[in-house]
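>
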Amino acid sequence: MPEPFRETIDADGVCTITLDRPERLNALTFEIYRALTDRFADLAHDGAVHSVVLAGSGRAFCSGGDVRDIIGKLIDMPHAEVLAFTRMTGELIGNMRRLEKPVVAAVHGLAAGAGAVMAAAADLRVFGSEAKIAFLFTKVGLTGADMGAAWLLPRLVGQSRAAELLLLGDTIDAATAERYGLANRVVPTEQCVPVAQELARRLAQGPLEALATTKRLLEAEAHMQLEAALEAEAKAQAVHLLQPDHREYHAAFGAKRPPRFSGARRAEERRA
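For the sequence shown, this note's numbering gives the first residue as 742, with consecutive numbering after it.
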């Protein structure tokens, strides 16, 4: 059986996961869903990885669930097995969101269905200029609220835009995705993965614990009242004001040099 995806980890701790079924526009199978779900869970404990890039090979990022290998089979499955599958797809998104390491999606071509939701679940999204994205579930007779899309999209583009994207299921181009706030960068297609990797590298060389806390609080504060959010941030910042990375910044400022945060120091140790 072919590998579900390709993976590399560079000396800076950037893990690039590349979906690798270009002949099927990187459509997902049951096995690929399971492998991705498990890998994002494992990344939490992988000390060699500081940040993650999710990309696709060939002409697409990910065209969603494979019509032949998934959709055609699900129609004839018992309800309990279908529910186990839909829960697993949600588990993948949950593992991406719970990972306290930055995730950058390199959307260089089509991102549709599950591919669109995976892009939305990343912390940052770099779009190639020719990229297109579609939360097309209603186009195929399914609810647009799938894999956490109805939770993720309002936080990215607002309730009204999210309703438009999920109810209509229309395809939007990279320029529209940027205007909506869904794309953080739009770059020439050939630069999509390199730019995503460079963003991931900047994050991988940064203050790792501070980045993890930032991700954790971004997630948690979506459910908090202002007073609770202010208290959570006060407690977190009181910890980080005494952490080695902040002390390193202070020392570097006094010495008029760039700081060497924990991510950069660990990368240097691996190279030594």
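Virtual Cβ for every residue (Gly too), placed ideally from N, Cα, C.
1) I think Ala852 touches Cys803, with their Cβ atoms under 8 Å apart; what is that distance to the nearest whole Å?
2) What does DSSP give as the partner residue(s) for Gly806 in the beta ladder?
3) With a threshold of 8 Å, are at least 3 pairs of Cβ atoms found where one atom belongs to the stretch 868 to 876 and the other to the stretch 916 to 928?
4) Give a single yes or no on whether Ala941 has its beta carbon closer than 6 Å to a heavy atom of the ligand FMN.
5) Assess contact between the stretch 770 to 789 and the stretch 829 to 845, defined as three or more Cβ pairs (one per stretch) separated by less than 8 Å. Is contact present?
6) Classify Ser901: buried if its beta carbon has 16 or more other beta carbons within 10 angstroms, exposed otherwise.
7) Report the start-end ranges of each alpha helix (DSSP H) in the stretch 821 to 889 that is 4 residues or longer and not cut off at the edges.
8) For the stretch 877 to 965, list the beta strand (DSSP E) runs that are entirely contained and at least 3 residues long, ordered along the chain.
9) Alpha carbon to alpha carbon, how far is Ala961 from Gly889?
10) Quick test of your reading: Gly797 and Thr759, contact by CB under 8 Å. State the CB separation rounded to the nearest angstrom.
11) Does the contact criterion of 3 or more C-beta pairs under 8 Å hold for the stretch 934 to 944 versus the stretch 961 to 971?
12) Can you give me the Cβ contacts of Pro895 inside the same chain, cut-off strictly under 7 Å, excluding the 5 residues immediately before and after it?
13) Identify the residues that DSSP records as bridge partners of Ser792: which are they?
14) For Ile750, which residues does DSSP report across the bridge?
15) Short of 6 Å in beta carbon distance, which residues of its chain neighbour Asp761, apart from the five on each side in sequence? Order them along the chain.
16) What span of residues does the alpha helix (DSSP H) with Glu1009 cover, start to end?
17) If you follow the alpha helix (DSSP H) that Ala970 is part of, which residue opens it and which one closes it?
18) To the nearest angstrom, how far is the alpha carbon of Val823 from that of Thr912?
19) So, using beta-carbon positions, are Arg800 and Gly850 closer together than 7 Å?
20) Out of Leu983, Tyr774, Arg828 and Leu795, state which residue places its alpha-carbon closest to the alpha-carbon of Val934.
21) Which residues bound the alpha helix (DSSP H) around Thr995?
22) Does DSSP classify Ala801 as helix, strand or coil?
23) Going by beta carbon distance, what residues of the same chain come within less than 8 Å of Ala977, once the five residues before and after it are set aside?
24) Would you report the Cα separation of Arg1006 and Ala789, rounded to the nearest angstrom?
25) Within its chain, find whatever has a CB closer than 8 Å to the CB of Asn767; leave out the 5 residues flanking it on each side and keep chain order.
Put simply:
1) 6 Å
2) Leu769
3) yes
4) As for the ligand FMN, it is missing from this structure, which has no ligand bound.
5) yes
6) exposed
7) 855 to 862
8) 912 to 914 and 926 to 928
9) 16 Å
10) 7 Å
11) no
12) Ala903
13) Val755
14) Cys756
15) Phe746, Arg747 and Ser798
16) Ser1003 to Arg1012
17) Leu967 to His981
18) 27 Å
19) yes
20) Leu795
21) It is Gly, not Thr, that sits at residue 995 in the sequence shown. Counting along the chain, the alpha helix (DSSP H) containing Gly995 begins and ends at Pro985 to Ala996.
22) strand
23) Thr954 and Leu958
24) 12 Å
25) Leu760, Asp761, Gly797, Ser798, Gly799, Ala801, Phe802, Cys803, Ser804 and Gly856
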